[in-house]
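Everything on this sheet refers to the single structure shown next.
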Amino acid sequence: MTAQRDPNSRLREVVAAVDCTYEALARDVRRIAAENGEILQTNKSAISHWVNGTRAPSGRVGQYLAEALSRRSGRT
791 MTAQRDPNSR LREVVAAVDC TYEALARDVR RIAAENGEIL QTNKSAISHW VNGTRAPSGR
851 VGQYLAEALS RRSGRT
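Residue numbers (this note's numbering): 791 to 866.
So this is what it looks like as structure tokens:
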């Protein structure tokens, strides 16, 4: 059985601040991964799991997520 993690309230706040749906954010993460030569299957369910704390991004996905949020906020 996997230990329950706390919700990622900071991620939830940032996603809300950039006014983005989980689906759009997942699309951005996939696009940025592709720009880096990696094919991902990230979807809105994965984003929801990250926000709710039931899973965490693995490998370089966290970096792609940060880049996607940075681009949406205009802080690139």
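In this text, a Cβ means the ideal position worked out from N, Cα and C, and glycines have one as well. Predicted model, so just to flag it, every value in this text is computed and none were measured.
Item	Value
Exposed or buried, which one is residue 818 when buried takes at least 16 other CB atoms within 10 Å?	buried
Which residue comes first and which comes last in the alpha helix (DSSP H) that contains residue 825?	812-825
For residue 806, is the classification buried or exposed, using 16 other Cβ atoms within 10 angstroms of its Cβ as the cut-off for buried?	exposed
Count the other C-beta atoms from every protein chain shown that fall within 10 angstroms of the C-beta of residue 809, then say buried if there are 16 or more, exposed otherwise.	exposed
By the 10 Å Cβ neighbour count, where 16 or more other Cβ atoms means buried, how is residue 824 classified, buried or exposed?	exposed
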